[in-house]
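Residue numbers (this note's numbering), protein chains in the order written: chain E, -4 to 327; chain F, 30 to 263. Note that beta-carbon positions come from the ideal geometry of N, C-alpha and C, so glycine has one too. These numbers come from a predicted model, not from an experiment. As structure tokens, the structure follows; a few thoughts come after it.
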């Protein structure tokens, strides 16, 4: 295995320093933590929005720090939840006195550490609320979760909640729109190859050259089915069908979509998938309001993609389309 | 340093030693049905906790327990950090006025409540709750109903925890990482219940050394393992 790393133990630390060096005007690091916050956090008069989780999913989460999205993000070790004390610092740094919304992906470690941190800052008088994103339609329970996993739909939760907070809404309202996205979004992913974690230095699971895995999570954890290699169109069909069955949308419904790369897949292939995705949605009588294509929530160097569909109404369109200025995503 | 504070510091150190000794055993248990990091995480976390509480200037029980819990939170990570560490932090205020029979029962109940709440687990899910519930119930009953001395009551509680650990072997996991294995989890002892038992055994050892030894050891064969109604509860 060849990787651009030094010591596996230092990967996360060095990555964060590199991010701060790349965006010195936008983000800063809280001393002695793996927490990055907006340079101007806490923003006066605004509800804070924070998220976090294991590293290895870049640009998630710190890539979405900035105006119109997150105020702070905590990075755990690779594929490992941040600890509660770091999350406590994260929430504290994002609180301007208006309260903080914690956007949590549904993984047991993440949920427990965030909840613990939330209770601790509450004891000190901070108002906190949480939402748990569980958009993965592939499996009901997994190696890491009770209930569905939180995957790429999380970015839309950050976007909508961030926009609502930027409008000056209170914590209840910000939580409400975050939950509204969660209630209307579904995602399913697949892998062409395994990812390689820095620590292990080899594939985390064995996927033969002539097979693919459908329904995989963002840690490369098992999906629903291992099949022979299929064409891009067949894979897109399979993923989209599963998401649409789960969402059960009415004819004429407007949707927003994300074709998300897992880290090792070229843009060329993601656009090929998006082309087919949009055809399928049209065939189902659905109208695409906006379509994002790119690496939004990755799994290190895994090859593969996920497809996210979110039903949108006027309120969500306004929030998802509102301006945002972050290292990984700019909406004008 | 108060005697009580000294006892709690000694208990944390004893737990740290024990978990270091059991490190590979716990990891073996975890590798059968989990992700094989429980032994290392717990040993590392409690070693750090022992170090942190040893540095306290005026260690009163509440401060010691809170410091140990906070250290576990930052060192253990994963789900175990909040379950073991967070629960200690939240239960620590119960010891504000020191260690008494009443405060010990209140502490145990708050700790259990926090673990169950956080992990959303019940008896029969094959988790640490299977050891904790019978232990805490036994402790409370022994103190409040049977009027036993705290150390003797703790001794009965440890026996109850042991039966709880045994109970995790034949059942199917329905919470935590082991639940993913479904029926394949049957036949394996739960690592979380096991580490919980080890912690309690060390507490008993230290409590015995500092307090009065129980007059007679509890009968391991008596009393049902699980309080009635707990298994089927929704």
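Is residue j closer than 8 angstroms to residue i when the C-beta atoms are compared?
i	j	result
residue 306(E)	residue 248(E)	yes
residue 272(E)	residue 231(E)	yes
residue 176(E)	residue 151(E)	yes
residue 323(E)	residue 58(E)	yes
residue 44(E)	residue 153(E)	yes
residue 94(E)	residue 166(E)	yes
residue 163(F)	residue 130(F)	no
residue 235(F)	residue 36(F)	yes
residue 140(E)	residue 101(E)	yes
residue 147(E)	residue 275(E)	no
residue 215(E)	residue 200(E)	yes
residue 116(F)	residue 140(F)	yes
residue 96(E)	residue 164(E)	no
residue 150(F)	residue 194(F)	no
residue 256(E)	residue 290(E)	yes
residue 95(F)	residue 80(E)	no
residue -4(E)	residue 191(E)	yes
residue 75(E)	residue 106(F)	yes
Where does residue i fall in DSSP's three states?
i	result
residue 121(E)	coil
residue 131(E)	strand
residue 209(E)	strand
residue 46(F)	helix
residue 201(F)	coil
residue 6(F)	Residue 6(F) lies beyond the range of chain F shown here (30 to 263); nothing can be said about it.
residue 390(E)	Only positions -4 to 327 of chain E appear in the structure, and residue 390(E) is not among them; the question remains open.
residue 319(E)	strand
residue 309(E)	helix
residue 286(E)	strand
residue 324(E)	coil
residue 100(E)	strand
residue 267(E)	helix
residue 198(E)	strand
residue 214(F)	helix
residue 96(F)	helix
residue 181(F)	helix
residue 29(E)	coil
residue 1(E)	coil
residue 242(F)	The predicted position of residue 242(F) is uncertain, since its pLDDT is 41 and thus under 50; a value taken from the coordinates is nonetheless stated next. DSSP places residue 242(F) in coil when its eight states are reduced to three.
residue 105(F)	helix
residue 298(E)	coil
residue 69(E)	strand
residue 63(E)	coil
residue 260(F)	A caution first: residue 260(F) carries a pLDDT of 41, below 50, which makes its placement in the model unreliable, though a value can still be read off. The answer is coil: DSSP assigns residue 260(F) none of H, G, I, E or B.
residue 8(E)	helix
Give me the residue from the options with the minimum Cα distance to residue i.
i	options	result
residue 133(E)	238(E), 281(E), 126(E)	238(E)
residue 314(E)	301(E), 285(E), 323(E)	285(E)
residue 88(E)	274(E), 327(E), 65(E)	65(E)
residue 198(F)	175(F), 222(F), 177(F)	222(F)
residue 246(E)	282(E), 213(E), 274(E)	282(E)
residue 146(F)	176(F), 36(F), 113(F), 178(F)	113(F)
residue 69(E)	62(E), 112(E), 39(E), 41(E)	112(E)
residue 131(E)	184(E), 79(E), 117(E)	184(E)
residue 227(F)	38(F), 31(F), 200(F), 52(F)	52(F)
residue 86(E)	280(E), 119(E), 181(E)	119(E)
residue 77(F)	107(F), 42(F), 62(F), 50(F)	42(F)
residue 5(F)	133(F), 104(F), 153(F), 142(F)	Any property of residue 5(F) remains undetermined from this structure, which presents chain F solely from 30 to 263.
residue 108(F)	177(F), 157(F), 94(F)	157(F)
residue 234(E)	260(E), 250(E), 269(E), 259(E)	269(E)
residue 47(E)	72(E), 39(E), 287(E)	72(E)
residue 233(F)	189(F), 80(F), 175(F)	189(F)
residue 154(F)	48(F), 47(F), 209(F), 70(F)	209(F)
residue 144(F)	110(F), 169(F), 173(F)	110(F)
Could you tell me if the beta carbon of residue i falls within a distance shorter than 7 angstroms of some heavy atom in the ligand MG?
i	result
residue 58(F)	Because no ligand of any kind appears in the structure shown, any question about the ligand MG cannot be addressed here.
Query - Continuous alpha helix (DSSP H) assignments of at least 4 residues falling wholly in the region 154 to 178 of chain F - result: The qualifying runs are 158 to 173.
Report task. Pull out every residue of the region 133 to 154 of chain E whose Cβ sits closer than 8 angstroms to any Cβ of chain F, in chain order. Result -> Of all residues in the region 133 to 154 of chain E, only 136, 137, 138, 139, 141 come within less than 8 angstroms of chain F when Cβ atoms are compared, listed by chain position.
Query raised in the report: Listed from N- to C-terminal order along the chain, which residues in the region 104 to 137 of chain E have their beta-carbon within a distance smaller than 8 angstroms of any beta-carbon of chain F?
Result: Per Cβ criterion, the list reads 104, 107, 108, 110, 111, 114, 115, 136, 137.
Report task. Identify every run of the beta strand (DSSP E) within the region 214 to 253 of chain E, keeping only runs that are complete inside it and at least 3 residues long; order them along the chain. Result -> Assignment of beta strand (DSSP E) within the region 214 to 253 of chain E, counting only whole runs of 3 or more residues, yields 220 to 223 in chain order.
Query raised in the report: Got a sec: which bits of the region 208 to 231 of chain F sit with their beta carbon under 7 angstroms from any beta carbon on chain E, in order along the chain?
Result: Answer in chain order: 208, 209.
Requested in this report: Taking only beta carbons into account, state which residues of the region 153 to 176 of chain F come closer than 7 angstroms to chain E, listed in chain order.
Outcome: Residues of the region 153 to 176 of chain F that bring their beta carbon within less than 7 angstroms of a beta carbon in chain E are absent altogether.
Report task. With 7 angstroms as the C-beta to C-beta threshold (strictly closer), list the residues of the region 62 to 85 of chain E near chain F in chain order. Result -> Contacts with chain F (Cβ-Cβ distance below 7 angstroms) from the region 62 to 85 of chain E involve 75, 76, 78, 79, 80, listed in chain order.
Requested in this report: Within the region 36 to 84 of chain F, note down every full alpha helix (DSSP H) run reaching 4 residues or more, in order along the chain.
Outcome: Contiguous alpha helix (DSSP H) elements confined to the region 36 to 84 of chain F occur at 52 to 62, 67 to 83, taking only those with 4 or more residues.
**Report entry** Positions along the region 92 to 107 of chain F whose CB lies within less than 7 angstroms of some CB in chain E
**Finding:** Result list: 99, 102, 103, 106, 107.
Query raised in the report: In chain order, what residues of the region 107 to 125 of chain F put their CB closer than 8 angstroms to some CB of chain E?
Result: Listed by position, the residues of the region 107 to 125 of chain F near chain E (Cβ gap below 8 angstroms) are 107, 108, 110, 111, 112, 114, 115, 118, 119.
**Report entry** the region 135 to 151 of chain F: positions lying closer than 8 angstroms to chain E by Cβ
**Finding:** Within the region 135 to 151 of chain F, the qualifying residues are 147, 148, 149.
**Report entry** Ranges of the alpha helix (DSSP H) found wholly within the region 140 to 181 of chain E, counting only runs of at least 4
**Finding:** List check, alpha helix (DSSP H) in window: 149 to 161, 166 to 179.
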